[in-house]
Structures are given as structure tokens and as C-alpha cells.
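Asker: Below is a structure I'd like to ask you about.
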Amino acid sequence: MTPDGIRLVAGRPDRVPPLRPGSDKTPEGPDSSDEVAAPETDVAWLAAVARATPRLRPDALTTAEVAEADAETPVPTAAEDETAEGAEALALAESPVPRLRPRGLLPVVKLGSLPTTTAPSSGRSVAPPLPTKASVARRATVEGALDLGRLSLIGVFGQPNNRRAAVRTPTGRILKVKVGDPLDGGKVTAIGEGELHYKKGSRDLVLKMPNLR
80 MTPDGIRLVA GRPDRVPPLR PGSDKTPEGP DSSDEVAAPE TDVAWLAAVA
130 RATPRLRPDA LTTAEVAEAD AETPVPTAAE DETAEGAEAL ALAESPVPRL
180 RPRGLLPVVK LGSLPTTTAP SSGRSVAPPL PTKASVARRA TVEGALDLGR
230 LSLIGVFGQP NNRRAAVRTP TGRILKVKVG DPLDGGKVTA IGEGELHYKK
280 GSRDLVLKMP NLR
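Going by our numbering, the first residue of the sequence shown is number 80, and it counts up by one from there.
This is the structure we're talking about:
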């Protein structure tokens, strides 16, 4: 029994289908005389086929086929030719004729196709003067205002005999100093009501409070 459910029997079964009428029984076993003689018969048959040449087709048959093909091709009649010519003439008569271009349009097109020329301007373009370093500094300086790019005195507080001052550096840092403290590479020498004196090397420098009124 195979996995597909088919039962196999060793040897010839008890019941076999009958042979077809007119057919010979196939010999069993490898000792059949037909099978032994088959190779020689095949060689002789192939040699005979190789020597044989096909016969040419009769001329009468070729002429008949050409005549039959010509008979199947329809030949247009005189009536069909007249109908085709009449349809072509009718189509030409019915096709619309294009309208003429308006006369007033032609001068406009000619004028529009002319190249336009622009008259050269007589005046010269004057570039504005570039700002210089001095002009920028002059415009940026406001009289009586605090100069943020320099050391500035922004306040004085305390008693007259013990005053202190608030100083703003160019970096934005606020320093509270008294007499004797270092400042800007020098030393504070005096602090008045609205000013600060300090000595830097051999120079005596004064910082005054800005007039914000």
C-alpha cells in the first residue's frame, strides 16, 4: 500500500482488461524476436527515407490556387468609384473657408514687432558717501549721556569724610571703590561730591558724573 492509498500487487493480476479488437498482443519479456530485429529495420527504413525526394507540385495546381485567390479579392465597380468621388467632392464643398485677418490688426502687429529703444539718461547716479569712523563716533555720542565703552562714574555715596563711588567698566561690571583702592591700573586718590580722582602712572585722571538732566 502506497502513502497515497494505492494498492500494489506483485505479478500479473487475476483479472486484466480485454485487448482492443484488431490489435496484436504485446509480447512479454526481453526475448521477443520483434524487439531484437527492430534496430536493423529502423536503419533500413531511415536509409530509404533519406534516398527518397519529394515530387514537385503540378503547374496546374499552382495556377488554380492563384486564380482562386484573385477571385476572392473584391474588385470595385464603376458605381462604387462614382460614389467615392462624389463623397470627396461633397466633403470639400462642406469644409469651412478660413476668415480673412482684419485689416486693423496688421498695423498693430507691425508696430508691436518693432524693437523698442530707451533713450540714455543724461544724469549720473551719485552714490551716497560712506560713513567714516569719525562720523560714526560723532553720531553715536550723545552729549551728557553715559559712554558705555569707557570707564564711567555712576554714583557717589557716604559721608564727606568717608565717601565711596560706583564705577562702571567697559565690560559692564560695577565696582565700588574708596580712596586708596586700585582702579584701571591706577589708584583712587580722592572722591568728591560728583567726581572721582585717580592716578595712573604719571597722569592724574578725573571721572565725573554724567549730566542726565
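Backbone N, C-alpha and C fix where the C-beta goes; we use that ideal spot for every residue, glycine too.
Note that the structure is a prediction, hence the values are computed from the model and not measured.
Taking a contact to mean a Cβ-Cβ separation below 8 Å, would you say valine 293 touches leucine 286 in this structure?
Answerer: No information on residue 293 is available, as it lies outside the stretch 80 to 292 that the chain covers here.
Asker: For proline 82, which residues from the same chain have a beta carbon less than 8 Å from its beta carbon, with the 5 sequence-adjacent residues on both sides left out?
Answerer: What you label residue 82 is simply residue 3 of the sequence shown in a count that begins at 1. No residues qualify anywhere along the chain.
Asker: Going along the chain, which residues of its own chain have a beta-carbon closer than 6 Å to the beta-carbon of glycine 228, five neighbours each way excluded?
Answerer: As a first step, residue 228 is located in the sequence shown; it is residue number 149 there, counting from the start. Cβ within range, chain order: Pro249.
Asker: To the nearest angstrom, how far is the alpha carbon of aspartate 283 from that of histidine 276?
Answerer: By 1-based counting over the sequence shown, the position of residue 283 is 204. By 1-based counting over the sequence shown, the position of residue 276 is 197. Taking the straight line joining both Cα atoms gives about 7 Å.
Asker: How many angstroms separate the CA atom of valine 95 from the CA atom of leucine 125?
Answerer: Counting from one through the sequence shown, the residue named residue 95 turns up at place 16. Counting from one through the sequence shown, the residue named residue 125 turns up at place 46. Taking the straight line from one Cα to the other gives about 37 Å.
Asker: Output the distance between the C-alpha atoms of glycine 265 and proline 239, rounded to the nearest integer angstrom.
Answerer: Against the sequence shown, residue 265 aligns to sequence position 186. Against the sequence shown, residue 239 aligns to sequence position 160. C-alpha separation (whole angstroms): 23 Å.
Asker: Applying the criterion that 16 or more other CB atoms from any shown protein chain within 10 Å of the CB defines a buried residue, is leucine 232 buried or exposed?
Answerer: Counting from one through the sequence shown, the residue named residue 232 turns up at place 153. Result: buried.
Asker: Alpha carbon to alpha carbon, how far is leucine 87 from alanine 123?
Answerer: Position 8 of the sequence shown, counted from the first residue, corresponds to residue 87. Position 44 of the sequence shown, counted from the first residue, corresponds to residue 123. Near 41 Å, if we compare the C-alpha coordinates of alanine 123 and leucine 87.
Asker: From threonine 132 to glutamate 147, what distance separates their C-alpha atoms?
Answerer: Numbered from its first residue, the sequence shown carries residue 132 at position 53. Numbered from its first residue, the sequence shown carries residue 147 at position 68. Answer to the nearest angstrom: the Cα atoms are 29 Å apart.
Asker: Secondary structure at glycine 165, three-state DSSP: helix, strand or coil?
Answerer: Within the sequence shown, the letter at position 86 stands for residue 165. If DSSP states are grouped into helix, strand and coil, glycine 165 belongs with the helices.
Asker: Would you report the Cα separation of arginine 99 and alanine 129, rounded to the nearest angstrom?
Answerer: In the sequence shown, the residue the question calls residue 99 occupies position 20. In the sequence shown, the residue the question calls residue 129 occupies position 50. C-alpha separation (whole angstroms): 35 Å.
Asker: Let me check one thing: in DSSP terms, what residues is tryptophan 274 bridge-paired to?
Answerer: The residue given as residue 274 occupies position 195 in the sequence shown. According to the sequence displayed, residue 274 carries glutamate and not tryptophan. Answer is Lys287, bridged to glutamate 274.
Asker: Comparing C-alpha positions only, which one of Arg243, Arg252, Ser281 sits nearest to valine 258?
Answerer: Here the question's residue 258 lines up with position 179 in the sequence shown. Checking every option, the nearest Cα to that of valine 258 belongs to Arg243.
Asker: Which term fits valine 267, buried or exposed, when burial requires 16 or more other beta carbons within 10 angstroms of its beta carbon?
Answerer: Residue mapping note: residue 267 aligns to position 188 of the sequence shown, counting from 1. Classification of valine 267: buried, given that the 10 Å Cβ count is 16 or more.
Asker: How big is the Cα-Cα spacing for glutamate 164 and arginine 178?
Answerer: In the sequence shown, the residue the question calls residue 164 occupies position 85. In the sequence shown, the residue the question calls residue 178 occupies position 99. Approximately 27 Å, taken between the alpha carbons.
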